[in-house]
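Report on one structure; see the data block that follows.
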Amino acid sequence: MNQTHYEVTDGIWADHNQKDTLVPLPGQQIQNRGTAIYYHIAHPSNYHFIMDEPDKCKQSPFLVLMVPVAPNQVAARNAIRSTWGNESTVQGKAVITLFLVGLTGGSDSEKAQQQLEEESRQHRDLLQSNFVDSYFNLTIKTMVIMDWLATRCPQATFSMKVDSDMFLNLENLMTLLLSPDTPRQNYITGMVMWNRPVVRNKNSKWYVSEELYPESNYPTYLLGMGYVFSNDLPEKIVEASKDIKAFNIEDAYVGACLKQLGIAPSSPPNPSQFKAYLGQYIREDFFKVITTILGSPQQLIDIWKDIKRPT
């Protein structure tokens, strides 16, 4: 990818306690190493990896699972490592799972960073970039994921951005991806959101100002809990994002990038396989879905044990 490189000096980027925009911390300066304009705060050229696994895709995996997760959510990462993240081959296809975190804040940040580095040495599945890890920086986090896929893993066939509180049925996902009806270019699917209104209530965590996004409705997008895409898209999305002002609703922001590219999200053949919540646990239901949200890491472990037991 041909990108102008920028370096953030004297710290890192953060939301600076703003609910409607992402801005640099006071006193920060941009050093422009090229001649192009500075794009915006969510563009991944503003960040670099502190922890990286650049050789993970040397064997050209078919599917890469990218999990954005908070630095302190060790239990969530370990639950995934012992369940769906432990599946390296599904229907004969190679799968890898990686976790992306940002920087920790607070008085114990140095200790937390040391723990992350030890976890990385143990598992070799952690990526860390130098943005502040917070809810309002999820757009940055998602764009950094896209950049990693574009620059470190372009040889993969498909990728999936999947949240850390999700159940993921890889057998069903692989069946979808191996279907002759599933395109391998310009393809993205999941739980499709159409004509969703932009929240203008300043008291809502989903608030976005008219300055950042003037339209009254978002373009069609995929709910951020879990969407899968052909791996030609990350580079295209990063490139398209140069022209789209950053706002903090990360899944809608990706939708805006797709609109810029003229790519429409696809409805899955069976939309019921991408579920927000299944409610009460019924074993048979979990055999049918691809993704659904769970309540805790322990619930994931318990459900996984149950669905893997012999019938």
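Be aware that the sequence shown starts at -9, since it is given in this note's numbering, and climbs by one per residue. All C-beta atoms, glycine included, are put in the ideal place defined by N, C-alpha and C.
Which of helix, strand or coil DSSP assigns to residue i
i	result
Val182	strand
Ala303	The shown model of the chain, from -9 to 301, leaves out residue 303, and the question about it has no answer.
Met156	strand
Gly269	coil
Asn207	strand
Leu53	strand
Thr73	coil
Val228	helix
Phe237	coil
Ser194	coil
Leu213	coil
Pro40	This sequence places Ile at residue 40; Pro is not what is there. Correct three-state label for Ile40: strand.
Thr165	helix
Ser257	coil
Ser199	coil
Pro58	strand
Ser35	helix
Pro300	coil
Ile283	strand
Val188	coil
Ser262	helix
CA-to-CA distance, residue j to residue i, given in whole angstroms
i	j	result
Thr301	Trp74	19 Å
Asp296	Asp233	47 Å
Leu167	Leu202	35 Å
Gln292	Gln270	Strictly speaking, residue 292 in this sequence is Asp, with Gln absent from that position. Going by the C-alpha atoms only, they are around 14 Å apart.
Leu223	Pro287	30 Å
Glu229	Gln175	16 Å
Gly252	Pro259	21 Å
Phe277	Asn159	7 Å
Trp184	Tyr197	18 Å
Gln145	Ser50	6 Å
Pro61	Pro173	35 Å
Thr87	Met133	17 Å
Gly285	Pro204	35 Å
Glu77	Val57	15 Å
Glu43	Leu106	14 Å
Nearest-angstrom Cβ-Cβ length linking residue i and residue j, presumed shorter than 8 Å
i	j	result
Thr94	Asp123	7 Å
Gly216	Asp153	6 Å
Ser119	Val54	Contact flag wrong, Cβ pair sits at about 17 Å.
Any non-hydrogen atom of the ligand NAD within 7 Å of residue i CB
i	result
Asn120	Absence of the ligand NAD is noted for the structure shown, with no ligands found whatsoever.
Buried versus exposed call for residue i [16 or more other C-beta atoms within 10 Å across all chains shown]
i	result
Glu161	exposed
Glu109	buried
Trp138	buried
Tyr267	exposed
Asn127	buried
Asn193	exposed
Trp294	buried
Asn207	exposed
Gly245	buried
Gly92	buried
Asp361	With the chain covering only -9 through 301, there is no way to say anything about residue 361.
Lys131	buried
Gly17	Legend: pLDDT at Gly17 = 34, less than 50; position of this residue unreliable, value from coordinates given subsequently. Answer is exposed; the Cβ neighbour count stays below 16.
Next on the checklist: Going residue by residue through the region 83 to 152, where are the continuous alpha helix (DSSP H) segments of at least 4 residues, counting only ones entirely within it?
Outcome noted: 99 to 113, 128 to 142
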